[in-house]
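Novice: Residue numbers (my numbering), protein chains in the order written: chain A, 1 to 481; chain B, 1 to 481.
There are 2 protein chains.
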Amino acid sequence: MLTYDFENKGKQSLYEYLYNCIKKDILSGKIKAGEKLPSKREMARNHNISVITVENAYAQLIVEGYIFTQEKKGYFASEISEQYMNADLYDKMHTKNHCIKPEHSLHDKIGRNQGINKNRDWLVDFNSNHIMYDSFPFATWSRIMRRTLLDKENSFLVSPAPNGVWELREAIANHLSQFRGMSINVNNIIVGAGTEYLYSIIVQLLGNDSVIAVEDPGYQKISKVYESNGIKCLHLPIDQSGIRTEALVGKKIDAVHISPSHHFPTGRVMPVSRRQHLLNWARENHGFIIEDDYDSEFRFSGRPIPAMAGMDSNHVIYMNTFSKTLAPSIRIAYMVLPDELMEKYRKRLNFYSGTVSSFEQYTLANFILEGYYERHINRMRNYYRDYRNTIISAIKQSPIDSKVTIEEDNAGLHFILGINKEIDDEKFKQILRNHNINISSVSDYCYNVLEEFNHKFIINYSAVTKDKLTKALEIMDNALK
Amino acid sequence: MLTYDFENKGKQSLYEYLYNCIKKDILSGKIKAGEKLPSKREMARNHNISVITVENAYAQLIVEGYIFTQEKKGYFASEISEQYMNADLYDKMHTKNHCIKPEHSLHDKIGRNQGINKNRDWLVDFNSNHIMYDSFPFATWSRIMRRTLLDKENSFLVSPAPNGVWELREAIANHLSQFRGMSINVNNIIVGAGTEYLYSIIVQLLGNDSVIAVEDPGYQKISKVYESNGIKCLHLPIDQSGIRTEALVGKKIDAVHISPSHHFPTGRVMPVSRRQHLLNWARENHGFIIEDDYDSEFRFSGRPIPAMAGMDSNHVIYMNTFSKTLAPSIRIAYMVLPDELMEKYRKRLNFYSGTVSSFEQYTLANFILEGYYERHINRMRNYYRDYRNTIISAIKQSPIDSKVTIEEDNAGLHFILGINKEIDDEKFKQILRNHNINISSVSDYCYNVLEEFNHKFIINYSAVTKDKLTKALEIMDNALK
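1. Mind listing, in chain order, the continuous beta strand (DSSP E) runs of no fewer than 3 residues lying wholly within the stretch 180 to 256 of chain B?
2. For B:Phe457, count the other beta carbons within 10 Å of its own beta carbon; 16 or more makes it buried, fewer makes it exposed. Which is it?
3. Residues of the stretch 211 to 244 of chain A in Cβ contact with chain B at a cutoff of 9 angstroms, in chain order, please.
4. If contacts are defined as beta-carbon pairs under 8 angstroms, then B:Ser296 and B:Ser261 qualify, I think. What distance do you get, rounded to the angstrom?
5. Near B:Thr363, which residues of its chain fall below 8 angstroms by C-beta distance, leaving aside the five closest residues on each side in sequence?
6. Count the other CB atoms within 10 Å of the CB of B:Lys152; is the residue buried (16 or more) or exposed (fewer)?
7. Suppose you measure from the CA of B:Asp125 to the CA of A:Asn350; what does that come to, to the nearest Å?
8. Keeping to the same chain, check which residues put their C-beta closer than 7 angstroms to that of A:Gly354; ignore five residues upstream and five downstream.
9. For the alpha helix (DSSP H) that A:Asn280 lies in, which residues bound it at each end?
10. Run through chain B and tell me which residues come within less than 9 angstroms of A:Gly164, C-beta to C-beta.
11. May I ask you to list, following chain order, the residues of the stretch 151 to 163 of chain A that have a beta carbon less than 7 angstroms from some beta carbon of chain B?
12. Report buried or exposed for B:Glu426, applying the criterion of at least 16 other Cβ atoms within 10 angstroms of its Cβ.
13. Between which two residues does the beta strand (DSSP E) carrying A:Ile416 extend?
14. Within the stretch 380 to 463 of chain A, note down every full alpha helix (DSSP H) run reaching 4 residues or more, in order along the chain.
15. What residues match up with A:Tyr75 in a beta bridge as DSSP calls it?
16. Do the stretch 210 to 223 of chain B and the stretch 444 to 460 of chain B touch if we need at least three Cβ pairs shorter than 8 angstroms?
17. Using a Cβ cut-off of 9 angstroms, which residues of the stretch 188 to 202 of chain B contact any Cβ in chain A, in chain order?
18. Could you work out which residues of chain B lie near A:Asn208, taking near to mean beta carbons separated by less than 7 angstroms?
19. Check B:Arg299 in the structure and name its three-state DSSP category.
20. First and last residue of the alpha helix (DSSP H) that includes A:Ile482?
21. Using the beta-carbon of each residue, which ones in chain A are nearer than 9 angstroms to B:Pro328?
22. Mind pulling the chain A residues with CB within less than 8 angstroms of B:Gln204?
23. How big is the Cα-Cα spacing for A:Asn366 and A:Val191?
24. Measure the C-alpha to C-alpha separation of A:Ser155 and B:Ser323 and round it to an integer number of angstroms.
25. By DSSP, does A:Met311 sit in helix, in strand, or in coil?
26. Looking at the C-beta of B:Arg331, does it have a partner C-beta in chain A at a distance below 7 angstroms?
27. Counting contacts by CB-CB distance shorter than 7 angstroms, is A:Leu341 in contact with chain B?
28. Decide yes or no for the touch test of the stretch 254 to 270 of chain A against the stretch 302 to 318 of chain A: beta carbon pairs closer than 8 angstroms, at least 3 of them.
29. Grab me the residues of A:Glu55's own chain with a C-beta within less than 8 angstroms of its C-beta, minus the 5 sequence neighbours each way, in chain order.
30. The alpha helix (DSSP H) with B:Thr53 in it runs from where to where?
31. Please name the residue, chosen from B:Ile368, B:Tyr383, B:Ile419, B:Met342, that lies closest to B:Ile400 on a Cα-to-Cα basis.
32. If you drop the 5 nearest sequence neighbours on each side, which residues of the same chain put their C-beta closer than 8 angstroms to that of A:Gly34?
33. Find out if the Cβ-Cβ distance for the pair A:Met342, A:Ile317 is shorter than 7 angstroms.
34. Under 7 angstroms, Cβ to Cβ, is there at least one residue of chain A near B:Leu364?
35. For A:Leu480, which of A:Lys9, A:Val404, A:Tyr294 has the nearest alpha-carbon?
36. Note down, in chain order, every chain B residue with its Cβ under 8 angstroms from the Cβ of A:Arg143.
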């Protein structure tokens with residue numbers, strides 16, 4: 001029987017401590033692959049903790065792929081090798097990631113975001129994930145901006161460093177350490193005007209004759225940017241765990257671009273075993289993993305999924321953006337390069353001028369360092385969680401409920417609505433469009449025809465008001481009759 | 001005898017009117033190639049205007065290549081075909097480009113820019129063209145920024161258009177119309193985070209297998225960016241007029257990247273006949289001219305040299321940046337695409353996200369529209385003109401004067417100091433470096449060994465104080481003994 005000493009938990013919450021103990025034991029082999037774990041009740045009784053606590057720890061271990069569940073049989077340890085795991089690192093994670101109360105209640109916000117997407121006056125636009133009108137902390141940003149303008153007057157007169165100003169890179173490293181448990185060398189961070197610009201830097205580092213594997217389905221823009229820069233992309237179908245390592249074998253592939261913590265659009269999380277397989281492939285083939293961590297901030301239950309870059313910083317290019325978390329008008333993204341690529345960057349690409357105004361870089365650096373960024377993310381996370389729940393309840397209470405399946409794992413600004421019967425996806429979308437409802441299907445994001453992803457539709461919920469959703473659900477229900 | 005009716009001059013100055021009249025007559029063939037023009041005195045007497053006025057008009061016609069002078073023989077019309085010239089367009093030029101008094105006197109500024117280039121504590125750094133400490137209009141910029149933050153709060157929530165926000169593109173089009181006499185379609189402007197980013201867009205438009213001809217000597221970064229993006233560059237030696245059209249013939253070249261109004265580093269201006277030859281080449285070979293207009297704002301006498309894009313907008317990609325005129329920390333550049341390439345951009349690259357924060361775009365748009373940009377440029381132009389004269393006088397009054405030749409045509413933030421005897425350029429630079437003087441030679445910017453450019457050194461004067469210059473000149477004089 002597993003017994004852990006909760007006296008040693010330190011500042012961790014009960015559930016975090018339990019999660020870390022079990023993970024360590026699985027990684028160290030103390031718990032063997034296939035071994036049955038105690039039931040939630042047993043585990044709770046044994047440690048004098050609540051069942052909920054155990055449930056949370058188990059849930060997190062499942063979503064990260066350390067354990068799996070078999071209906072009516074219980075919980076079992078997955079098959080995992082420990083070679084890349086750094087348990088110490090994980091221990092340091094997220095201890096500062098406290099949530100605070102959102103400044104505005106949910107009801108203040110609903111119904112305020114009309115008219116932002118002007119392309120067409122949709123009744124409901126499930127393709128838009130514009131953030132809410134009053135979500136951006138203008139007052140704070142503006143105050144820091146004014147102060148930065150005074151403090152950093154001199155910085156106006158010098159060109160920003162090609163990889164970004166030191167203060168911002170340091171703030172990013174701190175943030176990644178606290179929020180993602182990553183231990184980052186500030187010198188390996190490159191700040192750029194959006195992730196797409198950074199992709200072009202990756203192309204220049206890997207070489208124009210490189211081949212990059214991307215996920216199918218996936219965010220089409222990624223392969224568009226690569227291909228426009230002369231790169232060949234292989235669109236590899238994903239399974240429940242993401243890109244299969246077997247699909248890489250025997251092919252000339254230089255890098256694999258993935259979103260392991262939240263695949264777009266399916267929302268699937270890559271379990272730790274698949275991550276290890278991919279890292280093995282990278283090691284054996286001198287390949288790189290491009291880890292696109294685009295919305296890791298918006299995981300609504302449990303801990304954020306650890307980043308692959310934390311497992312093997314030599315083979316993973318970590319990438320994230322502030323445009324998604326702060327405001328789409330702010331064009332600041334960053335990547336963390338492995339030493340080998342950073343060395344190449346220094347030797348071959350250091351001639352570039354920076355792409356982000358230093359003034360905005362300093363403003364963002366202060367915004368992060370003074371804790372406003374963390375607070376903003378926590379506020380938005382709580383807000384989106386509540387809003388998502390409202391939207392999902394509305395679907396569950398509507399007559400359409402029996403005809404659909406909601407696929408979601410409590411993360412991100414969209415979820416998948418699966419239709420439980422054979423329909424013509426294109427016709428369904430057209431009917432909705434005729435009723436002024438804009439919606440995309442997962443198959444819109446497929447490069448190859450993949451049957452598995454038929455009859456699944458993407459619900460970007462953040463810009464949808466509840467009233468209009470009710471109308472939209474009625475229309476959808478009629479279309480399915 | 002040429003006689004022009006000065007009653008028709010409208011709002012133009014006397015010299016502008018005379019310049020336009022003669023140019024029109026040369027373009028129309030009324031004045032034939034090789035025809036002798038009246039002497040300055042004759043022309044002045046005949047029109048009852050001052051000799052200085054005629055001198056200014058002739059000087060401008062010479063620098064643009066419409067006429068040439070033969071010592072002791074007089075002024076003659078150059079051989080020019082009129083096919084690309086749009087005399088009407090030129091008439092509209094620059095009527096609003098009045099100079100205003102600089103806000104600060106020259107003496108306020110000298111000696112304030114120490115310590116900005118921290119790489120090494122040079123006594124004098126002739127490689128640095130950092131702008132002066134108090135040259136940026138902080139108060140105005142900051143006021144507009146605050147107002148923009150209030151006015152444009154909504155714009156924070158939407159991604160900026162890939163090619164830039166409309167307001168900024170409109171402001172740029174207005175500016176180009178007033179300052180460069182160019183008639184621009186706002187829809188053909190693309191705003192991006194620096195010219196280097198825009199080069200990468202050009203590469204994507206022309207295709208990765210393109211060949212781009214660049215100037216030798218030239219600004220090395222240009223070919224570095226192209227080559228890093230997979231493009232082949234041909235480094236073509238320039239003559240007094242720039243890249244020779246003959247050097248293009250028979251080669252697969254897709255575009256020619258030049259700075260016709262002020263070549264770097266020689267400062268040479270491409271005369272109108274060479275411009276026509278290059279445009280002919282572009283027309284016949286479906287090639288493009290990339291017109292890098294990097295410091296056209298800083299021409300200190302006469303009118304700005306007209307842009308090639310004004311001669312043939314179908315074959316010229318016009319490009320300029322605000323980083324050089326406003327502040328290096330502001331990363332905003334733009335290009336104007338010919339319709340054909342803009343069509344391609346819309347079809348193939350419209351998926352890109354914008355690279356400049358919309359907030360900065362709106363701030364700059366207001367800064368331009370409210371006249372502050374024009375005023376700033378005029379102030380800086382006057383300031384640099386005075387400062388340049390101070391520096392050149394100092395050289396002329398120093399003992400080094402007899403050993404050097406200053407090559408300058410009253411434009412830009414640098415000029416060339418030619419050494420009148422055979423020296424070892426590398427050794428000379430090393431001696432200066434040993435005395436804490438940083439300097440580059442023109443040959444540093446040569447791709448091929450070009451004898452013609454030996455013993456020429458680049459003086460970036462904007463960051464040099466007069467006191468230190470005097471010391472530096474002493475050291476240089478000793479090194480030449």
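The beta carbon of each residue, even a glycine, is placed where N, CA and C say it ideally should be.
Specialist: From the atom records:
1. 189 to 192, 211 to 216, 232 to 239
2. buried
3. Gln220, Lys221, Lys224, Val225, Ser228, Asn229, Gly230
4. 5 angstroms
5. Trp141, Ile144, Met145, Thr148
6. buried
7. 21 angstroms
8. Ser159, Pro160, Ala161, Pro162, Gly164
9. 272 to 285
10. The premise fails here: A:Gly164 is roughly 12 angstroms from chain B at the closest Cβ pair, so nothing lies under 9 angstroms.
11. Glu153, Ser155, Phe156, Leu157, Val158, Ser159, Pro160
12. exposed
13. 414 to 419
14. 425 to 434
15. A:Thr69
16. yes
17. Gly192, Ala193, Gly194, Thr195, Glu196, Tyr197, Ser200
18. Asn208, Gly230
19. strand
20. Since the first residue shown for chain A is 1 and the last is 481, residue 482 of chain A is missing from the structure and cannot be characterised.
21. Phe156, Leu157, Val158, Ser159, Pro160, Ser353, Ser358
22. Ser228, Asn229
23. 15 angstroms
24. 13 angstroms
25. coil
26. yes
27. no
28. yes
29. Lys40
30. 51 to 63
31. B:Ile419
32. Phe76, Ala77, Glu79
33. no
34. no
35. A:Val404
36. Correct list: empty, because the minimum Cβ distance to chain B is about 10 angstroms.
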